[in-house]
Amino acid sequence: MLDIKTLLADLDTRIHQFHDRSAKWLLENTDNLKGLLEIIASDLVEHLDFSRVEIQNTTFIPDDLRQQASDLVYLLPFRDQDKTKTAKTVLIYILVEHQSTVDPLMGLRLLSYMCHIWNTQRRAYMQGEVPLSDWRFQPIIPVIFYTGEQRWVRPPSLETVIDLPEALRHFLPRFDVLLLDVKREPDERLLRSDHPFGWLLTVLKAEDYDPEDFVRVLERLRNHLRGLPDAEGAVWQQVIYYLYLFIFHRRSADEQPVLADIVAETHPYLGLSDEEAKLMQSMAEHYLERGIAQGRQEGRQEGRQEGRQEGEKRGTIESILALLDMRFETDAVAALRPALEAIDDLQVLREVLLEVPESENLEAFRRTLSR
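Next up, the structure:
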């Protein structure tokens, strides 16, 4: 069951946050972690116990870099090749790099993040008064998830920022990095395990395609969904959800009908209720067609922030009214428009929008407005 508050909050996320928020949201699904590793490190997958994966609630990125990157840390058991020895744990550190260019300091950054992780473990051992002879630091598998435009010419390394004579090369710290350069990854590699996450990446890869080619990507996904066993439908819910957000943030409203057709055709198979499918379609349509798109257009034409904010305000009001009408189906909904239009603060309107699914009836929602 999709969480309605999450849906509304994610639809309300601004454009510049989309790659960060959406990539983290996708990778917080540990099944997608497995899908990612099947693409970039298939030889490791059989060694990892994904049924016991834990996401560590922490970040190692300094404040001054959080606009260009985010990270996730996973802890999971690692099985030896013969699968008879006691399982050890391994950390997987994923750096989600959503700036458009390659950072030449990436090797140094990754090394500092890994050292930070090990220092965190060291402090925990010290605080727990663990004997030094029992200290064991967990191995780390560093991963870069990159969606930028500039091509990675060489793997991340300290050698990119150090003038290194050959005689000194063996003194330099070295470590391998798993890199997924989404925009340049061949479809054959993304789809070789047939995992939903790989199919999702084929859409993300198509972010800058012209409309005709992008629609072809969606049609290929539709054809794939038609041929899947019913038992696999539920795992695709997140894919469809992501596609709505992706088109809202990165594509044209003209492509919305194609996605709506896919949902209309496949939502029973995907395990979506009629209400969930209708909600996804109606909310995306109202944001795309009535509000956000209009706000962006006004902002561009007038060259003023006020134009964009006014458009977003109208779009949020329309979304509130549309969701109220869908929930309560009464003519009294329209009478609330003046009260909503009297709210000048866009953030307050966004908070009101999140109250709609929590209101038991229209009268309860009116009380929310009068607070």
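Each residue of the sequence shown is one higher than the one before, starting from 0 at the first, in numbering that gives the first Met the number 0.
Cβ coordinates follow ideal geometry from the N, Cα and C atoms, glycine included.
Here the structure is a predicted model, which is why all the values come from computation and not from measurement.
Exposure of residue 69, with buried meaning 16 or more beta-carbon neighbours within 10 Å: buried
Would a C-beta distance cut-off of 8 Å place residue 143 and residue 94 closer than the cut-off? yes
Residue environment, residue 398, which counts as buried when at least 16 other CB atoms sit within 10 Å: The structure shown does not extend to residue 398, since the chain is modelled only from 0 to 370, so the question has no answer here.
Cβ neighbours of residue 214 in the same chain (closer than 8 Å, five flanking residues each side left out): 254 and 257
May I ask you to report which of helix, strand or coil DSSP gives residue 148? coil
Out of 196, 165, 223 and 119, state which residue places its alpha-carbon closest to the alpha-carbon of residue 181. 196
Quick one: Cα of residue 10 to Cα of residue 238, how far? Annotation note: pLDDT 49 at residue 10 (below 50); position unreliable, no value reported.
Does DSSP put residue 55 in a helix, a strand or coil? The DSSP-derived three-state label of residue 55 is strand.
Scan the region 144–210 and note each continuous beta strand (DSSP E) run of 3 residues or more that stays entirely inside, going in chain order. 177–180
Is it the case that the region 157–169 contacts the region 99–118, given that we only count it when at least three CB pairs across the two stretches are under 8 Å? The region 99–118, when compared against the region 157–169, does touch it at the 8 Å Cβ threshold.
Coil, strand or helix - residue 139 by DSSP: strand
Please state the DSSP three-state secondary structure of residue 72. strand
Which residue marks the beginning of the beta strand (DSSP E) containing residue 88, and which one marks its end? 87–96
Roughly how many angstroms separate the alpha carbons of residue 243 and residue 202, rounded to a whole number? 11 Å
Does the separation of the CB atoms of residue 323 and residue 355 fall below 8 Å? Contact flag set, yes.
I'd like to know whether the C-beta atoms of residue 146 and residue 97 end up nearer to each other than 8 Å. yes
Give the straight-line distance between the Cα atoms of residue 379 and residue 138, rounded to the nearest whole angstrom. In this structure the chain extends from 0 to 370, so residue 379 is not present and cannot be described.
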